[in-house]
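A.B. asks: Provided herewith is a single structure, encoded as structure tokens, for subsequent inquiry.
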Amino acid sequence: MPSAGAVCPPVITPLRKAIPGLSGNKIDTSTLIELCTETNECKIFFTSDGTKPNPFQRRVAGREVTFKYIGPFTLKPGKRTIKAIAVARDGLRESDVMTKQFNVEDIGRLTQHLTDDTTTDDYSGGFFDDSDQDSESTLKLKSKKKITRKNKSPVRGKSPLRKSLTKAPREAWASEPLLSDTLGSASDGPYPSQQIPDGPFNPTNYSGTQINVWGGAIPPHIPGVGPGIPPPPYPTQYGYLTENMINTCNPDGRYVTVGDIKKMVGNKKPPPEPPRPVEPPPTKPAIEYPIYQDPPLNAVSPGKGDFKDNIMHIYAHMLEYAKNTKDFRLRVAEPQMGKMLEAKFEDEGDGYKITVVMAKPGIPRGSVRKQPKIETFKKPPPAEKPKPKKKEKEKPPPPKSDPFFAMETEDLQTEGTVKPYDKFNAEQDAEVLRGAMKGLGTDEEAITNVLAYRSNPQRQEVRSTFKTMFGKDLIEELKSELSGHYLDTCKSLLMAPAEYDAYQLHKAIKGLGTDEDVLIEILCTRSNAQIKMIKETYKAKYNKELEKDIIGDTSGNLKRLLVSQVQANRDESKEVDRNKAKQDAKALYEAGEKKWGTDESRFNVILVSRSYPQLRATFDEYDKLSKKDFEEVLKSEMSGDLLSGMKTIVRCVRNKAGHFARQLQKTMKGIGTDDDTLVRVVVSRCEIDMVQIKEAFESLTGQTLQQYIADDLSSDYRDVILALVMGGPPPERATKSGKGFVEAVKYKTEEELDEQVRMETENIQEDPTLKPAENFNAENDAEVLRKAMKGFGTDEKSIINVLGFRSNEQRMEVVKTFKTMFGKDLIKELESELSGGLKVLCRGLCMTSPDFDAMNLNKAIKGLGTDEQVLVEIICTRSNAQIQAFKASYKTKYGKELETDVAGDTSGNFKRLLISCLQANRDESKEFDRNKAKQDAQALHEAGEKKWGTDESRFNVILVSRSYAQLRATFQEYAKLANKDIEDTLKSEMSGDLLKGMLAVVRCIRSKPSHFADELYKSMKGLGTDDDRLCRILVSRCEVDMVQIKESFQQAYKQTLGMFIADDVSGDYKDLSLALIGEGSTTGKDKTEKKSKKGWF
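Take the sequence shown: its position 422, counting from 1, is numbered 721 in my numbering, and each next residue is one higher.
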């Protein structure tokens, strides 16, 4: 018996009864051979020529040698050796090989020696008797005398191989025994002679013979048998269904007629009307092979650790998808595939992505280094419509990541920050880049929003599409528009990974001198496959051999190290040999510490040729021999570029992400920045393992990589590097305004535009950062505030801990309780104790939202001059209900009508805009009318771009009265009509406060969080801080949508809002500001502290 978990070997059984005097391995060509095993869910494979069955290579030299068992089979005459093996369904376990030999004779020859004494007595016995049949169809034998055959046709003999040795065989197609062939014309009357039809045969089986499914007639003539001589017994093969019917329906061993069978099934009375002729059902085969059914197509897989059912669920849906998708079905059916090499399962948030790599027979994995060919699938023509509309030309999506990135030395869990853009459109991006460089000036932000938020294959497609559309090379165009390190970064992003590495190596070698750091960084950190691809690219691009150039520009041990690396011959297996690790550790110890001098060649041999897991084991063994860490040994034994190269290999073996984190920290350490190395590392690793590099960097330095970059770089160069390091989707403004919005709209149908409007209108999520405190007690908070302001000095921390962590409703209760308990107004007490931005924040936090807005509006209007920025910020961004609330509060607090005060302090079109907004009469429904949107877009176009001068009143009517959903649709139609974004039109048609007000309305319609993120940035950028604006936005939005504002801020400016605030304000003012944005536990440090900290490393 096999051990637990093993597969039982198959049993080889001939399907016939034992014949006395006949060996068990002697069979004839009609005997079926059956294979079976006791282990469930196994597949059986066999050979008939004596060779060992190989389930994984069933064909040899184009001929099938190993067969898969699907049912009983017969063999050709001769000596046959059957070898069979059982294999588990997963292919990971298999049984022992079972062997059995058979001597196969032709039909009848096997039992010919038993027929000498055979007479027709062998065929005597009972016949079918059916009361339902007439005398002509029910034949009975009158006596047991021998019957003389009158005709010369051969008689069907009774084979001892069959079950009934003494009864005449009954053919599968007959409804009564056919004795006419064996008896001829009997003495008691003639018997009707029935012609035996040719029985159907199954297709040729494994060994080339045929299986008689239904039984068959005896041969018309047997050589050597003359007339009157009884022929040898002919083994009649009953069909499976016939024999099963006889055994089931006749337990007493007697013959039954068709009438008996009908009685057993059940007597049914004939219907009054004559039955309609019914087509006979298709006859089932006598030998029933196992039927493999597709797994059930369920809506949801079981999960919960059941990986088998989950895989069957995937298989079922893949089959269904292939049935419904012709292109996929044809592509999958065409190639021959080997075993599965890789499988990757990823959770993408809104779905699961499964990547499977199958072997290509005859081609080792990793031997082909070509860019993946992108097939173009033809989309079926759309249904004809009365008015066909222009649709976006569909192109196959590029691969999500460059194959170069998948060639890392080890298959570790890594994650890049730059990922494929879901809404990628190469033509649209090419248009945006063209618009950014066209005319006077350059829109660097638009360039960054394209290049920094697309994967490398997507950027390559944009580069190719740009040249196709405009006949110019994109890199050459960028060279004419950009400069400095920002240009270097953009150029690097437009190169394929292997092309970029080859370019950097050539740049390091050419000219006077050699940049050994670049050679070491690339050659000592890339895998075998990557180095081979770099060599091929270098040869194709510069018509030189990389190895020869390295030999010509380096010398000594460094040259030997780099040449060894260029061979790309490192062992990349995952196996570890502990004995070999001990030997290598001993060899390194004897070549270094134990030796006078250093045998660098021994270090070269081991560090360049061994696999990464093997080297880790070697370093562990070395630690047992030496008291020094291996890196310390290298530092004591080597120096210069050789030391740098050896350390690079060792650090990559231990932690590649940690190595590149050190490189980045080194580029920005101290005064100045090594921009070339910074760009090279960020560009080459942002799609591989930048997430792990950022984690290693923070562990190494105590600061985030983003903070370092923000402190060391500036302008567009800083923005593009931060975008690559931080990752995430592109800023909303890249697709919701400007040229990007226009290009996106042009390629969409009305249905897609409608869906976009609905999504933007319905899925508005607002998350506050300041939430109600648990275990709130107003009296305790009032006591804390009183104590903080009592006596000499003020405890600002206590005030922050109360006001910075309570909701507006809780703070109002504290204000009321404070006045009740101590008879003093809390706001006045705070104003007397605090100053600066902290006082402004605390005063605002102790007011209701309408009172706070009313106070700011009154402050903006009263006195000399008017702060139009405050009027725009509040009046043009609030909802109808909020406007009504602060109008009522203004009337209560100041005894004046807000509308009157606004009209008295403003003028012209700006006044009309504010007065219109103060009516609080905007349609706030979520419905929109596409036809009305087209009409409004036409009206705006005629009032602005198409008109000499500008009709501001038309803009006022539409922008102030229409719903947000309607205006979003209007902006789409305007972009299609004018080929220009509405914001660009406003900037060209208006100016001053009216422009600010109109832009505020449009930007709030598109994304209110994005608008307030811009306002916060403006309050802190440059020298000084606009504290009033900063405090106003923090107080008014911290309990509304500050979470979304922070996200928009980070996307747009590549730094967190907390970093900006910590850098721009200080002291208790900074602490309370950070608390309001949900980062109260973060104690920021001044820039000077950061700079000094960087100097420690």
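Ideal placement from N, C-alpha and C gives every residue a C-beta, glycine not left out.
Return the chain-ordered list of same chain residues with a C-beta closer than 7 Å to the C-beta of GLU1338, the five sequence neighbours on each side being excluded.
C.D. replies: Indexing the sequence shown from 1 puts residue 1338 at position 1039. Correct list, in chain order: PRO1067, LEU1069, SER1106, ASN1107.
A.B. asks: For GLY957, which residues of its own chain have a beta-carbon under 7 Å away from its beta-carbon, when the five flanking residues on both sides are left out?
C.D. replies: By 1-based counting over the sequence shown, the position of residue 957 is 658. Once the five neighbours on either side are set aside, the close Cβ partners of GLY957 are ARG950, ALA995.
A.B. asks: Are the beta-carbon atoms of ILE381 and PHE401 separated by less than 8 Å?
C.D. replies: The count along the sequence shown starts at 1 and reaches residue 381 at position 82. The count along the sequence shown starts at 1 and reaches residue 401 at position 102. Going by C-beta atoms, ILE381 is nearer than 8 Å to PHE401.
A.B. asks: How is the beta strand (DSSP E) around ILE1376 delimited, first residue to last?
C.D. replies: One-based indexing of the sequence shown puts residue 1376 at position 1077. Segment: none, ILE1376 is in no beta strand (DSSP E) and carries neither H nor E.
A.B. asks: Please go through the same chain and pick out, in chain order, the residues whose beta-carbon is closer than 7 Å to the beta-carbon of ASN1311, but skip the five residues on each side of it.
C.D. replies: Locating residue 1311 in the sequence shown gives position 1012, counting from the first residue. As written in the sequence, residue 1311 is Phe, which differs from the Asn given in the question. Closer than 7 Å at the Cβ level, and outside the excluded window around PHE1311, lie ILE1332, ARG1336, ILE1344.
A.B. asks: Which of the three DSSP states is assigned to TYR651 in this structure?
C.D. replies: Mapped onto the sequence shown, residue 651 falls at position 352. DSSP places TYR651 in strand when its eight states are reduced to three.
A.B. asks: When the distance is taken between beta carbons, is ASP1011 closer than 8 Å to THR972?
C.D. replies: Here residue 972 refers to the residue found at position 673 of the sequence shown. Here residue 1011 refers to the residue found at position 712 of the sequence shown. It is a contact, given that the beta carbons lie within the stated cut-off.
A.B. asks: Alpha carbon to alpha carbon, what distance is there between GLN356 and CYS307?
C.D. replies: Here the question's residue 307 lines up with position 8 in the sequence shown. Here the question's residue 356 lines up with position 57 in the sequence shown. Looking at the two C-alpha atoms, the distance is approximately 22 Å.
A.B. asks: Compute the Euclidean distance between the alpha carbons of GLN1002 and ARG1211, then round it to the nearest angstrom.
C.D. replies: Counting from one through the sequence shown, the residue named residue 1002 turns up at place 703. Counting from one through the sequence shown, the residue named residue 1211 turns up at place 912. Using only the alpha carbons, I get a separation of about 51 Å.
A.B. asks: Kindly list the residues whose CB is nearer than 7 Å to the CB of ILE290, restricted to its own chain and excluding five residues on each side of it in sequence; keep chain order.
C.D. replies: Since the displayed the chain opens at 300 and closes at 1396, residue 290 lies outside it and no answer follows.
A.B. asks: Among MET794, PHE644, ARG1085, which has the Cα closest to the Cα of LYS840?
C.D. replies: Along the sequence shown, one-based indexing puts residue 840 at 541. Residue MET794 is the option with its Cα nearest to LYS840.
A.B. asks: Taking MET1289 as the reference, which of ASP1313, ALA1268, GLY1207, GLN1350 has the closest Cα?
C.D. replies: For this step, residue 1289 is matched to residue 990 along the sequence shown. The residue with the shortest Cα to Cα distance from MET1289 is GLY1207.
A.B. asks: Contact defined as beta carbons within less than 8 Å: I believe LEU1156 pairs with ILE1182. What is the distance between those atoms, to the nearest angstrom?
C.D. replies: Sequence index remark: in the sequence shown, residue 1156 carries index 857 (1-based). Sequence index remark: in the sequence shown, residue 1182 carries index 883 (1-based). That pair is no contact at about 11 Å.
A.B. asks: Within 10 Å of its beta-carbon, does LYS946 have 16 or more other beta-carbons around it, so buried, or fewer, so exposed?
C.D. replies: On the sequence shown, position 647 is the one that residue 946 refers to. When all chains shown are included, LYS946 counts as buried.
A.B. asks: Just checking, does the stretch 1036 to 1056 make contact with the stretch 1278 to 1292 on the three C-beta pairs under 8 Å criterion?
C.D. replies: Yes, the stretch 1036 to 1056 is in contact with the stretch 1278 to 1292.
A.B. asks: Measuring CB to CB, does LEU1102 end up less than 8 Å from LEU1144?
C.D. replies: In the sequence shown, counting from the first residue as 1, residue 1102 sits at position 803. In the sequence shown, counting from the first residue as 1, residue 1144 sits at position 845. Taking 8 Å as the Cβ cut-off, LEU1102 and LEU1144 qualify as a contacting pair.
A.B. asks: Can you name, in chain order, every residue of its own chain whose Cβ lies under 6 Å from the Cβ of GLU1251, other than the five neighbours on each side?
C.D. replies: Working through the sequence shown from its first residue, we reach residue 1251 at position 952. Once the five neighbours on either side are set aside, the close Cβ partners of GLU1251 are ASN1208.
A.B. asks: Terminal residues of the continuous beta strand (DSSP E) containing LYS858?
C.D. replies: Counting from one through the sequence shown, the residue named residue 858 turns up at place 559. Taken as a continuous stretch (DSSP letters only), LYS858 belongs to no beta strand (DSSP E), being part of the alpha helix (DSSP H) at 855 to 865.
A.B. asks: For PRO680 and LYS1045, what's the separation of their Cα atoms in angstroms?
C.D. replies: Residue numbering aside, residue 680 sits at position 381 when the sequence shown is read from its first letter. Residue numbering aside, residue 1045 sits at position 746 when the sequence shown is read from its first letter. Unreliable placement is indicated for PRO680, whose pLDDT of 48 sits below 50; no coordinate value is reported for it.
A.B. asks: Using 8 Å for Cβ pairs, my map puts GLU288 next to ALA725. What's the rounded Cβ distance?
C.D. replies: Residue coverage of the chain in this structure runs from 300 to 1396, which leaves residue 288 outside it and unanswerable.
A.B. asks: For TYR1273, count neighbouring Cβ atoms within 10 angstroms of its own Cβ and tell me buried if that reaches 16, exposed if not.
C.D. replies: Translated into positions along the sequence shown, residue 1273 becomes position 974. Counting Cβ neighbours within 10 Å, TYR1273 comes out buried, since at least 16 surround it.
A.B. asks: In this structure, how does DSSP classify GLY851 when only helix, strand and coil are distinguished?
C.D. replies: Looking up residue 851 in the sequence shown gives position 552. If DSSP states are grouped into helix, strand and coil, GLY851 belongs with the helices.
A.B. asks: Pull the bridge partners of MET657 from the DSSP assignment, please.
C.D. replies: Here residue 657 corresponds to residue number 358 of the sequence shown, with the count starting at 1. Paired residue(s): MET639.
A.B. asks: Spell out a yes or no on whether the stretch 1250 to 1267 and the stretch 1209 to 1228 are touching, meaning 3 or more CB-CB pairs, one atom from each, closer than 8 Å.
C.D. replies: Yes: at least three Cβ pairs fall under 8 Å.
A.B. asks: So, does the CB of THR1249 fall closer than 8 Å to a CB anywhere in chain D?
C.D. replies: This model lacks chain D altogether, as it is built from one protein chain only.
A.B. asks: Pull up the distance between the alpha-carbon of LEU773 and that of ARG628, whole angstroms please.
C.D. replies: Mapped onto the sequence shown, residue 773 falls at position 474. Mapped onto the sequence shown, residue 628 falls at position 329. The alpha-carbon atoms of LEU773 and ARG628 are separated by roughly 38 Å.
A.B. asks: One question on the structure: do VAL1114 and SER1097 come within less than 8 Å of each other, judged by their Cβ atoms?
C.D. replies: The residue given as residue 1114 occupies position 815 in the sequence shown. The residue given as residue 1097 occupies position 798 in the sequence shown. No; because the gap between Cβ atoms is not below 8 Å, this pair is not in contact.
A.B. asks: According to DSSP, ASP348 sits in a beta bridge with which residue or residues?
C.D. replies: In the sequence shown, the residue the question calls residue 348 occupies position 49. Partner(s): THR380.
A.B. asks: Runs of 3 residues minimum, wholly inside the stretch 911 to 990: which ones carry the beta strand (DSSP E) assignment?
C.D. replies: If we require 3 residues or more, the stretch 911 to 990 turns out to have no beta strand (DSSP E) run fully inside it.
A.B. asks: Between MET1025 and GLN1005, is the Cβ-Cβ spacing less than 8 Å?
C.D. replies: Reading the sequence shown from its first residue, position 726 is the one you call residue 1025. Reading the sequence shown from its first residue, position 706 is the one you call residue 1005. Yes.
A.B. asks: Is it the case that the Cβ atoms of VAL980 and THR788 are separated by a distance below 8 Å?
C.D. replies: Within the sequence shown, numbered from 1, the residue matching residue 980 stands at position 681. Within the sequence shown, numbered from 1, the residue matching residue 788 stands at position 489. The answer is no: Cβ separation not under 8 Å.
A.B. asks: Does DSSP put PRO796 in a helix, a strand or coil?
C.D. replies: Indexing the sequence shown from 1 puts residue 796 at position 497. Correct three-state label for PRO796: helix.
A.B. asks: Specify, as a first and last residue, the run of the alpha helix (DSSP H) that PHE1117 falls within.
C.D. replies: The residue given as residue 1117 occupies position 818 in the sequence shown. Its alpha helix (DSSP H) spans residues 1107 to 1121.
A.B. asks: What is the rounded straight-line gap between the Cα of LYS638 and the Cα of GLY390?
C.D. replies: The residue you call residue 638 lines up with position 339 of the sequence shown. The residue you call residue 390 lines up with position 91 of the sequence shown. C-alpha separation (whole angstroms): 10 Å.
A.B. asks: Which residues in the same chain as LYS806 place their Cβ atom closer than 8 Å to its Cβ, once the five residues preceding and following it in sequence are excluded?
C.D. replies: Numbered from its first residue, the sequence shown carries residue 806 at position 507. Counting only Cβ-Cβ distances below 8 Å, and skipping sequence neighbours, we find ASP814, VAL817.
A.B. asks: Per the DSSP calculation, MET1341 is bridged to which residue(s)?
C.D. replies: Translated into the one-based positions of the sequence shown, residue 1341 becomes position 1042. Bridge partners of MET1341: none, in fact.
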